[in-house]
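Structure, as structure tokens:
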């Protein structure tokens, strides 16, 4: 049980790191990432990029 809980904790930390990395991208890099992952249905990375773009009030 502890191993499963540790794996879940690790996954949550990694996801937070990925989200922070996307939030720290420059405007141009964020737009490039969003363009790469714009296909529908959007992947989780695409969703995160578009959320960050909305937060910054920028669009493709």
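In our numbering, the protein residues as written are 1175 to 1234.
Yeah, the Cβ is synthetic: ideal placement off N, Cα and C, and Gly gets one too.
How about residue i and residue j: do their beta carbons lie closer than 8 Å?
| i | j | result |
| --- | --- | --- |
| residue 1189 | residue 1208 | no |
| residue 1201 | residue 1232 | yes |
I'd like the list of long-range same chain contacts for residue i, defined as Cβ closer than 6 Å, with 5 residues on each side in sequence excluded.
| i | result |
| --- | --- |
| residue 1197 | 1226 |
Count the other CB atoms, across all protein chains shown, that sit within 10 Å of the CB of residue i; report buried if there are 16 or more and exposed otherwise.
| i | result |
| --- | --- |
| residue 1223 | buried |
Given this structure, state the Cα-to-Cα distance separating residue i from residue j, to the nearest angstrom.
| i | j | result |
| --- | --- | --- |
| residue 1187 | residue 1204 | 21 Å |
| residue 1183 | residue 1193 | 15 Å |
| residue 1228 | residue 1185 | 25 Å |
| residue 1191 | residue 1221 | 15 Å |
| residue 1199 | residue 1178 | 32 Å |
| residue 1219 | residue 1181 | 21 Å |
Going by beta carbon distance, what residues of the same chain come within less than 8 Å of residue i, once the five residues before and after it are set aside?
| i | result |
| --- | --- |
| residue 1230 | 1201, 1204 |
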